[in-house]
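The block underneath contains the structure these notes are about, expressed in structure tokens.
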Amino acid sequence: MRVLLIHSDYLKYQTKSKTKIAEKIDDEKKKGSFENSLVAFTAVEKEDEADMQGVVENSVKEIVDVFSKVGAENVVVYPYAHLSSSLSSPDAAKKILTEIESELAKQDIKVARVPFGWYKSFEVSCKGHPLSELSRTITSQKTEEKEKEKGEESKWFILDKGQLISPEEFDFHNKDLEQLTKYELGKSESSGEEPPHVKLMKEKGLADYEPSADVGHLRWYPKGRLIRDLLADYVYLLVTKEGAMPVETPIMYDLADDAIRVHAEKFGERQYRMGHKKKELMLRYACCFGAFRVLSDSFLTWKNLPAKIYELSTYSFRMEKKGEVVGLKRLRGFTMPDLHTVCRDLGQSLVEFDRQIDLCMQTGEDFNVNYEVIFRATQDFYDEYKDWMNASAEKLGKPVLLEILPERKHYWISKMDFAAIDYLGRPIENPTVQIDVESGERFGITFLEENEEEDYPIILHCSPTGSIERVICSLLEKTAVEMEEKPPMLPLWLSPTQVRILPIAERHLDYALELARELKDQNVRVDVDDRLETVGKKIRNAATDWVPYVAVIGDNELSSGELTINIRETQEKQPMTMEDLVKIIKDETREMPFRALPLPLKLSQRINF
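Just so we're aligned, residue 0 is where the sequence shown starts under numbering that gives the first Met the number 0, counting upward by one.
This is the structure in structure tokens:
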């Protein structure tokens with residue numbers, strides 16, 4: 000059973016016409032109005048027919064639990080078939096919904112049930128607090144069975160040079176690793192503060208919340224869009240150098256496809272679903288579905304493997320809880336670079352895994368962001384491949400947090416997650432590498448072996464950076480952490496304006512523009528502050544914009560042709576020629592992607608977003 004629970008200010012409905020399966024109702028049931036209600040939009044599914052009483056009991060428990068927490072005055076059970084593509088028979092659905100209504104009434108809860116099988120118009124107003132929107136998948140399984148199914152809990156260690164050390168006994172010299180460990184073990188406390196990057200993304204004109212969209216979707220301004228595009232170019236270059244083949248696939252999928260539905264259900268309640276006539280569609284949360292369908296329709300042999308396909312998902316969607324959506328760190332719509340590597344066997348996948356660790360480490364170096372690492376594996380995998388795990392962890396050059404799961408609960412048997420730590424001491428999930436042992440068979444991906452027999456491959460999932468939005472989040476949070484030690488700035492290759500030229504007076508403007516055009520021709524992002532402000536204010540504005548290099552143009556520069564450059568990173572002033580400046584920028588941005596500045600050259604002509 001699928002249930003969407005909405006704590007509403009009000010719900011109004013009115014029946015319009017009946018279907019062939021409509022239940023008979025009195026006139027007073029043809030419309031209804033309820034205030035301060037917990038509305039349970041409910042779809043009864045085929046599998047619920049096997050144990051209808053068990054489904055009723057678990058549904059009532061869940062509804063009562065939420066009802067007691069949100070302070071609603073009544074419950075409205077609303078049949079809503081659009082939540083599922085695998086519906087039960089009408090008779091079973093009516094019986095289960097009627098029983099739910101009856102059981103809730105027995106608990107002295109004021110309850111109403113909206114008629115089944117009628118076309119209805121309705122209006123609902125959601126209260127908007129953290130518990131006001133909840134989705135649940137309910138089965139007949141007893142609570143004690145679920146607890147038994149959970150089994151043992153994971154074991155946690157610090158893996159340091161092949162030694163397993165209890166986190167409680169480990170001497171943390173690295174504050175970031177200590178904060179990550181506390182967070183993963185549930186020992187850190189949330190301050191409830193807004194992370195600094197939210198203010199910075201607005202102040203620097205990168206991005207902002209979009210009030211006219213669903214929560215967790217942003218509007219991007221030209222500077223922010225430029226940074227996103229540069230990061231997308233960066234990942235493209237990174238993975239294609241490794242032999243990845245770019246593809247593009249749809250953003251929505253039909254949950255009537257069994258393989259897609261089963262894979263999606265592993266993602267639980269964070270699926271972003273939408274109804275369309277008789278179909279139930281899900282917006283992708285990663286590029287897996289499209290990539291796997293491309294692979295299942297391809298002819299592969301052992302000679303092709305390992306084979307890598309890559310897609311930048313603009314966008315992926317996750318129904319994150321409203322209260323957890325914040326800034327660039329947790330979104331409902333985001334951009335995810337997704338690399339899938341098809342491997343012949345586990346041995347080949349371990350070799351490729353090590354190569355992809357190198358990719359993930361490279362991104363940390365190129366962004367100048369520190370990553371702490373969680374290495375995860377099932378107990379069986381760890382027992383058999385402990386030496387490989389130790390060697391892979393050694394590549395990182397520092398201790399890592401190790402989680403050993405008693406048994407496999409997911410499609411992966413081992414994974415490595417990289418995380419930056421934000422200003423508030425919480426992890427920002429960035430790169431990941433995972434060994435998937437399920438999807439090959441589930442999606443019917445096969446390859447021809449040397450003996451001409453077909454086999455299922457092992458697939459590596461890798462995002463060398465994590466979502467593009469979280470990369471920007473990490474960069475901004477890093478500046479907040481380091482602000483007292485050095486001037487905040489982005490890496491030069493990502494800085495929207497790399498050089499700003501400040502003419503002192505109007506007579507210096509033409510020369511400033513001439514210099515700017517020459518720099519622009521050399522693929523340097525440059526602008527000119529031609530506004531009628533004092534030089535001091537122009538310098539302060541350049542500092543506010545985190546411009547790495549600032550050139551003030553006055554009479555001396557006009558006559559000598561030599562520039563005096565204010566260098567933000569070192570806070571130094573250095574005389575140099577324009578050729579010197581171009582060489583410094585080219586050296587510092589070597590092998591990084593370049594895009595021109597998509598803004599007017601003169602600051603006076605720019606829109607204040």
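For each residue, glycine too, the CB sits at the ideal point set by N, CA and C. Model, not experiment: these values are computed from the prediction.
Reduced DSSP secondary structure (H/G/I, E/B, other) of residue i
| i | result |
| --- | --- |
| His460 | strand |
| Gln604 | helix |
| Pro129 | coil |
| Phe33 | strand |
| His339 | strand |
| Asp353 | helix |
| Val641 | The requested residue 641 does not occur in the structure, where the chain is confined to residues 0 to 608. |
| Glu420 | Checking the sequence, you will find Ile at residue 420 rather than Glu. It is a strand residue. |
| Lys500 | Rather than Lys, the amino acid found at residue 500 in this sequence is Ile. Ile500 falls in the strand class under three-state DSSP. |
| Met488 | coil |
| Asp526 | strand |
| Tyr118 | strand |
| Ile5 | strand |
| Ile467 | helix |
| Glu505 | helix |
| Pro194 | coil |
| Glu148 | Its pLDDT being 48, under 50, Glu148 is placed unreliably in this model, and the value from its coordinates should be taken loosely. Helix at Glu148. |
Best match in the options for proximity to residue i [C-alpha to C-alpha]
| i | options | result |
| --- | --- | --- |
| Ser413 | Leu404, Asp421, Ile420, Ala419 | Leu404 |
| Thr320 | Leu37, His262, Arg329 | The amino acid at residue 320 is misidentified as Thr; the sequence shows Lys. The option with the nearest alpha carbon to Lys320 is Arg329. |
| Glu400 | Phe298, Leu158, Ala42, Asp228 | The question names Glu, but residue 400 in the sequence shown is Leu. Residue Leu158 is the option with its Cα nearest to Leu400. |
| Tyr235 | Arg375, Ser348, Met335 | Met335 |
| Phe298 | Lys278, Asp454, Leu562 | Asp454 |
| Leu598 | Val525, Ser559, Gly346 | Val525 |
| Trp387 | Glu351, Lys23, Met577 | Glu351 |
| Glu72 | Thr18, Asp8, Glu61, Pro490 | Asp8 |
| Asp175 | Met575, Glu371, Glu437, Ala504 | Glu371 |
| Glu122 | Ser139, Lys30, Pro194 | Lys30 |
| Leu4 | Ala21, Tyr79, Glu264 | Tyr79 |
| Tyr384 | Gly346, Asn369, Gln355 | Gly346 |
| Glu449 | Lys572, Pro486, Leu304, Ser87 | Leu304 |
| Pro195 | Ser134, Pro129, Ile137, Leu327 | Leu327 |
| Lys109 | Gln140, Ser134, Phe33, Trp155 | Phe33 |
| Ile250 | Arg567, Tyr284, Arg516 | Tyr284 |
| Lys186 | Gly424, Glu483, Ile24 | Gly424 |
| Met318 | Glu587, Ala263, Asp25 | Ala263 |
Separation of residue j from residue i, as counted between CA atoms
| i | j | result |
| --- | --- | --- |
| Tyr271 | Asp435 | 23 Å |
| Arg343 | Val246 | 21 Å |
| Asp416 | Leu557 | 54 Å |
| Arg292 | Leu358 | 26 Å |
| Leu512 | Lys126 | 54 Å |
| Glu146 | Ile226 | At Glu146, the pLDDT of 46 sits below 50, so the modelled position is not reliable; the number obtained from the coordinates is stated separately. Between Glu146 and Ile226, the C-alpha separation is close to 46 Å. |
| Asp337 | Val238 | 10 Å |
| Glu27 | Ser83 | 29 Å |
| Tyr381 | Pro166 | 18 Å |
| Glu183 | Glu428 | 12 Å |
| Thr377 | Phe333 | 30 Å |
| Ser211 | Thr248 | 27 Å |
| Leu311 | Gly289 | 12 Å |
| Val197 | Val325 | 8 Å |
| Trp411 | Ala21 | 45 Å |
| Thr655 | Leu489 | In the structure as shown, the chain begins at 0 and stops at 608. Residue 655 is therefore absent and cannot be evaluated. |
| Phe374 | Trp117 | 52 Å |
| Ser153 | Ser88 | 41 Å |
| Leu130 | Lys68 | 8 Å |
| Leu179 | Pro426 | 6 Å |
| Phe366 | Asp421 | 15 Å |
| Asp47 | Ile137 | 9 Å |
| His6 | Ser124 | 8 Å |
| Thr634 | Gln521 | Past the boundaries of the shown model lies residue 634; the chain is included only from 0 to 608, so the question cannot be answered. |
Along the chain, which unbroken stretches of the beta strand (DSSP E) at least 3 residues long are found entirely within the segment 198-251? Within the segment 198-251, the runs of beta strand (DSSP E) that reach at least 3 residues and sit entirely inside it are, in chain order, 206-208, 217-219.
As an exercise, report each continuous alpha helix (DSSP H) stretch of at least 4 residues that is fully enclosed by the segment 539-607, in chain order. Listed in chain order, the complete alpha helix (DSSP H) runs (minimum 4 residues) inside the segment 539-607 are 554-559, 577-587.
Contact between the segment 43-53 and the segment 81-94: three or more CB pairs below 8 Å? The segment 43-53 vs the segment 81-94: in contact.
Mind listing, in chain order, the continuous alpha helix (DSSP H) runs of no fewer than 4 residues lying wholly within the segment 9-84? Whole alpha helix (DSSP H) segments, 4+ residues: 51-69.
Start-end ranges of the beta strand (DSSP E) lying completely within the segment 254-336, minimum 3 residues: Fully enclosed beta strand (DSSP E) runs of 3 or longer: 271-275, 278-282, 306-316.
On the three-pair Cβ rule with 8 Å, is the segment 437-450 touching the segment 192-205? Too few Cβ pairs lie closer than 8 Å, so no.
Validate contact between the segment 99-113 and the segment 52-66 using beta carbons, cut 8 Å, 3 pairs: The segment 99-113 and the segment 52-66 touch, with no fewer than 3 CB-CB distances between them shorter than 8 Å.
For the structure I just gave you, are there three or more beta carbon pairs, one from the segment 533-546 and one from the segment 493-510, closer than 8 Å? With a cut-off of 8 Å, the segment 493-510 and the segment 533-546 count as touching, because enough Cβ pairs lie within range.
Mind the definition here: the segment 206-223 touches the segment 474-492 only if three or more C-beta pairs lie below 8 Å; say whether that holds. Per the Cβ contact rule, the segment 206-223 is not in contact with the segment 474-492 (fewer than 3 Cβ pairs under 8 Å).
Please confirm if the segment 8-22 is in contact with the segment 106-120, defined as three or more CB-CB distances below 8 Å between the two stretches. As far as the Cβ criterion goes, the segment 8-22 touches the segment 106-120, which means the pair count is three or higher.
Segment contact flag, the segment 21-39 with the segment 59-75, C-beta cutoff 8 Å, min 3 pairs: Touching, yes.
Is the number of C-beta pairs between the segment 451-465 and the segment 478-495 that are closer than 8 Å three or more? Contact check between the segment 451-465 and the segment 478-495: fewer than three CB pairs, one atom from each, fall below 8 Å, which does not count as touching.
Enumerate, from N- to C-terminal direction, the unbroken beta strand (DSSP E) stretches of 3 or more residues contained entirely within the segment 351-408. You should have 371-377, 399-404.
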